[in-house]
Amino acid sequence: EDLVELVTTTSDRDVVDPDPFTSESAQILIREIMGCNLELENLKKNINDVIQKNKNIIDVLGRV
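For what it's worth, our numbering labels the leading residue of the sequence shown as 2, then goes sequentially.
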């Protein structure tokens, strides 16, 4: 029997049986996608914060 093993960024492991693909399998994958999306949103916010800090520093240096 073929199984698909997912290893997340936190080293969690989920095993999904693709045949037959069940609603439980779908829920596992959906949870992983939601977790990844949350991580991406946090990274995006952090990147935007750093960009804004850099702009502020450049603005201050431009006034000197």
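Every residue, glycine too, gets a C-beta built ideally from N, C-alpha and C.
- In its chain, beyond the 5 residues on either side, no residue has a beta carbon closer than 8 Å to the beta carbon of leucine 41.
- Here the C-alpha atom of arginine 64 lies approximately 11 Å from the C-alpha atom of asparagine 57.
- In this structure, DSSP gives valine 51 a helical state, which the three-state scheme calls helix.
- Straight-line measurement puts the Cα of glutamate 25 at about 13 Å from the Cα of glutamate 33.
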